[in-house]
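If you want my numbering, it's the 1-based position in the sequence shown plus 265. Heads up, the thing below is written out as structure tokens.
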Amino acid sequence: MKPIRIDDYCFDRIHLWLQYDPFVPEFVEVVVEVFYPANRQANGLLMFNHGFLIGNDLLWYPKKIAGALLDDNPLFGINPSNFYNYSSAIVEKNWAMAFVSASHAQVDWMPWTDIGGNPRVGQDAYAAASYLIKYGMTEFFWLAEAEGHNSKNFDAELACKAQFMNSNNVIFAGHSVGGAHAQAAACGFDQLQTIGRQSCKPFNPVIYNRELFPAFSRPMAHWKDSERANPVGLVMLSPVDQKIPILLPGMERYRAALATSKMPMVMIVGECDCPCRESSYSNPVAWSDNADDPSQFKQLAGSWAVAAQVENGSHCGYLTETSSLCSIADMKFACDRCREKQSLVYKSGGVESAFTTELFSQFISLYPDGGAFQGDYNDWSSSAFINWLNTSNPGGTVNLIEMNGGGYIDYDMLS
């Protein structure tokens, strides 16, 4: 498709194949949605892992077979940007925002579900972000490959025109299970490789274009550091993780790596959010007001992570458009949390999604053009973003619940 331009931003979608490691015959089909500035000078990239990877399409495989004949693909019917359209947050700082949808989930025979705990999805996001940094907006990347590899077809002019990033800085973010997947992506390439080897999820991806005889990139380990995504921040919206032996290893190892990372991280949970607050849905829960309970946030202790709790916040209130699949998570019988105040719980497309847009805008404002956050922990703890978040009514949209220790954010930094 040709890019759609609205004012000073373009929207486009590219279709790729990803092999997780050149020595492992495991592939995944991905589609990347991306908003990028028309001047092709994006100062950074907000890479978002959405919370329902494919959707509840039981006709996935019939559509896939039919699409081979009709030059169509069911992946093109998955549009996470509809549900997480925070694009206004990136405009002021001239950033780009992207999503990746992949044709797999927990198990190969159910490609329409995603219950979290699969590090491959975070690897997908990291690979997609790096692809956008190195190759930009083109599926003909073999023409833009470095001299010496596919050099017969090297096209320096196309290589220049296709790129739209002014840096390799990436904020990884996500909602629900996507919030946990983003934890893996935010660890960066070295940790993805190290932890991947330890957990039988090797990661040294090769990217292919969508052709019968596809051209392909070199393994990512051979890329320059400047061509790979550099995580500079992490935003987790009600992250849901799952751990089932063998099948779902969960993100605990990745959180352990993040606990040593000195970069801005924020977690937002809802007061009435059953999926991320109850152990029967998330293992461990995202955050607990009981400091003795195991939680994802507690596993991030020692990092710069902060957490905030939205009064009347739900699991799907972050969405800018209603999703019937996500709404199942907020059904009133899901758990006893906030049962008495169901009429007050936020719905998608309302004030909680407006708060989320402003949250991203304030978070991106931490970063100088083309640069990472400048400063140490004291600079982060006294930053304009923390001062904005640590109030009863940030942005004048939603109320936050006061924490036990006072203030409206929880933190366990450098402890």
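We put the CB at the ideal spot given by N, CA and C, even for glycine.
Those residues which DSSP pairs with residue i across a bridge
| i | result |
| --- | --- |
| Met312 | Ala363 and Phe437 |
| Phe300 | Phe276 and Met362 |
| Leu283 | Val293 and Ile472 |
| Leu323 | Beta-bridge pairing links Leu323 to no other residue. |
| Asn495 | Asn434 |
| Leu609 | None; Leu609 has no bridge partner. |
| Phe481 | Tyr473 |
| Leu665 | Val575 |
| Tyr676 | Val571 |
| Arg270 | Cys275 |
| Ala307 | Met430 |
Beta-carbon spacing of residue i, residue j below 8 Å
| i | j | result |
| --- | --- | --- |
| Arg602 | Arg542 | yes |
| Ile228 | Met402 | With the chain represented from 266 up to 680, any question about residue 228 goes unanswered, as that position is not in the structure. |
| Ala447 | Ala438 | yes |
| Ala354 | Phe429 | no |
| Asp554 | Asn669 | yes |
| Leu589 | Cys581 | Looking at the sequence provided, one finds Ser at residue 589 rather than Leu. Contact flag unset, no. |
| Asn433 | Ala494 | yes |
| Glu298 | Ser395 | no |
| Asn577 | Lys612 | no |
| Leu584 | Phe313 | no |
| Met530 | Phe638 | no |
| Val435 | Gly316 | no |
| Tyr274 | Phe300 | yes |
| Ile674 | Ala572 | yes |
| Ser233 | Ala551 | There is no way to answer for residue 233, as the model of the chain reaches only from 266 to 680. |
| Asp558 | Ser579 | no |
| Phe625 | Val500 | yes |
| Leu310 | Ala363 | yes |
| Phe468 | Asp286 | yes |
| Glu623 | Thr656 | no |
CA nearest to the CA of residue i, picked from the options
| i | options | result |
| --- | --- | --- |
| Ala687 | Leu423, Ala390 and Glu404 | Residue numbering for the chain in the displayed model covers 266 to 680; residue 687 lies beyond these limits and cannot be assessed. |
| Asn338 | Asn347, Lys328, Ser526 and Gly636 | Lys328 |
| Gly382 | Ala450, Lys527 and Pro290 | Ala450 |
| Val295 | Arg305, Leu283 and Ala303 | Leu283 |
| Gly660 | Gln428, Gly515 and Thr621 | Thr621 |
| Phe628 | Cys452, Leu654 and Leu609 | Leu654 |
| Pro384 | Cys465, Ala570 and Asn431 | Cys465 |
| Glu617 | Leu665, Lys527 and Ala649 | Leu665 |
| Pro249 | Pro290, Leu324 and Glu667 | The structure shown does not extend to residue 249, since the chain spans only 266 to 680, so no value can be given for it. |
| Pro345 | Pro484, Leu631, Asp677 and His440 | His440 |
| Asn304 | Ile398, Trp360 and Phe405 | Trp360 |
| Pro514 | Asn431, Pro496, Ile460 and Pro633 | Ile460 |
| Gly342 | Ser352, Val365, Tyr351 and Lys358 | Val365 |
| Ser646 | Val575, Thr662, Ser608 and Ala570 | Ala570 |
| Glu517 | Leu502, Phe468, Gln456 and Arg483 | Gln456 |
| Ile593 | Ser503, Pro540, Ser608 and Asn643 | Pro540 |
| Ile269 | Phe292, Cys452, Pro302 and Gly387 | Pro302 |
| Tyr546 | Ser503, Leu334 and Ala333 | Ser503 |
| Leu635 | Lys358, Glu623 and Ala333 | Note on identity: in this sequence residue 635 is Gly, with Leu being the wrong assignment. Nearest C-alpha to Gly635: Lys358. |
| Pro633 | Ile398, Val497 and Leu323 | Val497 |
| Asp277 | Leu397, Cys591 and Asn548 | Leu397 |
| Gly672 | Cys600, Gly614, Gln574 and Leu631 | Gln574 |
| Glu400 | Glu422, Gly387, Val386 and Gln388 | Looking at the sequence itself, residue 400 is Tyr, so the reference to Glu does not match. Tyr400 has its Cα closest to that of Glu422, out of Glu422, Gly387, Val386 and Gln388. |
CB contact below 8 Å: residue i versus chain C
| i | result |
| --- | --- |
| Ala354 | The structure shown has no chain C; it contains just one protein chain. |
Indicate whether the contact test is met: 3 or more Cβ pairs, each with one atom in the region 534-543 and one in the region 476-495, closer than 8 Å.
no
Inter-stretch contact at 8 Å, needing at least 3 Cβ pairs: the region 467-486 / the region 496-507
no
Along the chain, which unbroken stretches of the beta strand (DSSP E) at least 3 residues long are found entirely within the region 570-604?
570-575
Evaluate the contact criterion for the region 518-527 versus the region 550-570: three or more CB pairs, one atom per stretch, below 8 Å.
yes
Unbroken stretches of the alpha helix (DSSP H), 4 residues or longer, contained in the region 612-644:
616-629
Quick check on the DSSP output: what are the complete beta strand (DSSP E) runs of length 3 or more inside the region 500-583, in order along the chain?
530-535 and 570-575
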